[in-house]
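Participant: In mature numbering (1 follows the signal peptide of the UniProt record, and there is no 0), the protein residues as written are -20 to -1, 1 to 103. Positions of the beta carbon are idealized from the N, C-alpha and C atoms, including for glycine.
1. Per DSSP, residue 78 forms a beta bridge with which residues?
2. Is the beta carbon of residue 97 closer than 8 angstroms to that of residue 77?
3. The beta strand (DSSP E) spanning residue 100 covers which residue range?
4. Taking residue 65 as part of the beta strand (DSSP E), name the residues at either end of that continuous run.
5. Please work out which residues of its chain come closer than 6 angstroms, Cβ to Cβ, to residue 69, disregarding the five sequence neighbours upstream and downstream, and give them in chain order.
6. List the endpoints of the continuous beta strand (DSSP E) containing residue 33.
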(Lines of atoms letter the chains of each structure in order from A and count residues from 1; the text may use other names and numbers.)
(Lines give C-alpha, C1' and ligand atoms only; values in the text may rest on other atoms or scores of the structure.)
Protein backbone atom coordinates (compact mmCIF):
# COMPACT_ATOMS: atom_id res chain seq x y z
CA UNK A 1 0.00 0.00 0.00
CA UNK A 2 2.84 2.38 0.87
CA UNK A 3 4.51 1.58 -2.44
CA UNK A 4 1.28 2.36 -4.34
CA UNK A 5 0.92 5.69 -2.53
CA UNK A 6 4.50 6.70 -3.31
CA UNK A 7 4.06 5.69 -6.97
CA UNK A 8 0.87 7.76 -7.28
CA UNK A 9 2.53 10.76 -5.63
CA UNK A 10 5.51 10.51 -7.96
CA UNK A 11 3.32 10.25 -11.06
CA UNK A 12 1.29 13.28 -9.96
CA UNK A 13 4.46 15.28 -9.47
CA UNK A 14 5.84 14.29 -12.86
CA UNK A 15 2.54 15.08 -14.59
CA UNK A 16 2.57 18.57 -13.10
CA UNK A 17 6.15 19.18 -14.22
CA UNK A 18 5.48 17.94 -17.75
CA UNK A 19 2.49 20.19 -18.34
CA UNK A 20 2.55 21.83 -21.76
CA UNK A 21 -0.85 23.46 -21.54
CA UNK A 22 -1.19 26.32 -23.96
CA UNK A 23 -2.62 29.65 -22.92
CA UNK A 24 -4.96 32.04 -24.68
CA UNK A 25 -2.71 34.47 -26.55
CA UNK A 26 -5.39 37.22 -26.63
CA UNK A 27 -3.99 40.15 -24.68
CA UNK A 28 -0.70 38.41 -23.89
CA UNK A 29 1.85 41.06 -22.87
CA UNK A 30 4.86 40.04 -20.77
CA UNK A 31 8.32 41.38 -20.01
CA UNK A 32 11.31 39.12 -19.43
CA UNK A 33 14.61 37.85 -20.77
CA UNK A 34 15.03 36.59 -24.33
CA UNK A 35 17.84 34.44 -25.64
CA UNK A 36 18.44 33.03 -29.09
CA UNK A 37 19.34 29.76 -30.72
CA UNK A 38 20.99 29.26 -34.06
CA UNK A 39 23.51 27.04 -35.86
CA UNK A 40 23.55 24.21 -33.30
CA UNK A 41 19.81 23.64 -33.82
CA UNK A 42 19.55 24.55 -37.51
CA UNK A 43 17.67 21.86 -39.43
CA UNK A 44 16.50 19.97 -36.33
CA UNK A 45 12.80 19.36 -35.73
CA UNK A 46 10.94 21.83 -33.54
CA UNK A 47 8.14 20.83 -31.18
CA UNK A 48 5.64 21.82 -33.87
CA UNK A 49 7.23 19.32 -36.27
CA UNK A 50 8.80 21.75 -38.70
CA UNK A 51 12.53 22.04 -39.23
CA UNK A 52 14.20 24.89 -37.36
CA UNK A 53 15.65 27.56 -39.63
CA UNK A 54 17.96 30.00 -37.87
CA UNK A 55 17.38 32.50 -40.70
CA UNK A 56 13.60 32.67 -40.29
CA UNK A 57 11.65 34.82 -37.86
CA UNK A 58 10.49 32.19 -35.38
CA UNK A 59 10.62 31.62 -31.64
CA UNK A 60 10.13 29.14 -28.83
CA UNK A 61 7.71 29.83 -25.98
CA UNK A 62 6.60 27.53 -23.18
CA UNK A 63 2.86 28.09 -23.46
CA UNK A 64 1.77 30.20 -26.42
CA UNK A 65 0.08 28.13 -29.15
CA UNK A 66 2.07 27.22 -32.25
CA UNK A 67 1.44 29.73 -35.01
CA UNK A 68 0.93 32.66 -32.62
CA UNK A 69 2.60 35.80 -33.95
CA UNK A 70 4.22 37.98 -31.31
CA UNK A 71 6.01 41.30 -31.37
CA UNK A 72 9.28 41.15 -29.44
CA UNK A 73 10.81 44.48 -28.43
CA UNK A 74 14.33 44.87 -27.04
CA UNK A 75 13.83 47.26 -24.10
CA UNK A 76 17.43 48.51 -24.24
CA UNK A 77 17.42 49.77 -27.84
CA UNK A 78 13.68 49.77 -28.72
CA UNK A 79 14.27 47.49 -31.75
CA UNK A 80 11.40 45.11 -32.45
CA UNK A 81 10.58 42.12 -34.64
CA UNK A 82 7.50 39.98 -35.28
CA UNK A 83 8.10 36.25 -34.88
CA UNK A 84 5.93 33.14 -35.14
CA UNK A 85 5.90 30.61 -32.29
CA UNK A 86 6.90 27.19 -33.64
CA UNK A 87 8.77 25.55 -30.76
CA UNK A 88 8.69 24.97 -27.01
CA UNK A 89 11.20 26.54 -24.69
CA UNK A 90 13.26 28.21 -23.46
CA UNK A 91 14.71 25.40 -21.40
CA UNK A 92 16.74 27.76 -19.22
CA UNK A 93 15.20 29.05 -16.01
CA UNK A 94 14.45 32.76 -15.97
CA UNK A 95 14.00 33.11 -19.74
CA UNK A 96 10.71 34.13 -21.35
CA UNK A 97 11.36 33.40 -25.04
CA UNK A 98 14.01 31.96 -27.35
CA UNK A 99 14.17 33.67 -30.74
CA UNK A 100 15.89 32.55 -33.93
CA UNK A 101 19.31 33.93 -34.83
CA UNK A 102 17.77 36.21 -37.47
CA UNK A 103 15.30 37.63 -34.97
CA UNK A 104 18.13 38.16 -32.47
CA UNK A 105 20.09 39.99 -35.16
CA UNK A 106 17.16 42.32 -35.85
CA UNK A 107 16.76 42.90 -32.10
CA UNK A 108 20.45 43.81 -31.78
CA UNK A 109 21.21 41.08 -29.24
CA UNK A 110 23.66 38.83 -31.10
CA UNK A 111 26.73 39.97 -29.18
CA UNK A 112 25.12 39.88 -25.74
CA UNK A 113 23.20 36.64 -26.32
CA UNK A 114 20.31 37.80 -24.16
CA UNK A 115 18.17 40.89 -23.81
CA UNK A 116 15.37 42.19 -21.64
CA UNK A 117 12.30 42.22 -23.90
CA UNK A 118 8.58 42.82 -24.07
CA UNK A 119 6.54 40.11 -25.81
CA UNK A 120 3.09 41.05 -27.13
CA UNK A 121 0.75 38.69 -28.96
CA UNK A 122 -0.70 40.11 -32.16
CA UNK A 123 -4.40 39.58 -32.91
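Facilitator: With the structure as the only source:
1. Locating residue 78 in the chain shown gives position 98, counting from the first residue. BP columns for residue 78 point to 15, 40.
2. Here residue 77 is taken as the residue at index 97 of the chain shown, counted from 1. Here residue 97 is taken as the residue at index 117 of the chain shown, counted from 1. Contact: yes.
3. As a first step, residue 100 must be located in the chain shown, where it is residue number 120. Its beta strand (DSSP E) spans residues 94 to 101.
4. If you number the chain shown from 1, residue 65 lands on position 85. Element bounds for residue 65: 60 to 67.
5. Residue numbering aside, residue 69 sits at position 89 when the chain shown is read from its first letter. If we look at residue 69 and ignore the five residues flanking it on each side, its Cβ neighbours are 40, 78.
6. Residue numbering aside, residue 33 sits at position 53 when the chain shown is read from its first letter. Taken as a continuous stretch (DSSP letters only), residue 33 belongs to no beta strand (DSSP E), as it is neither H nor E.
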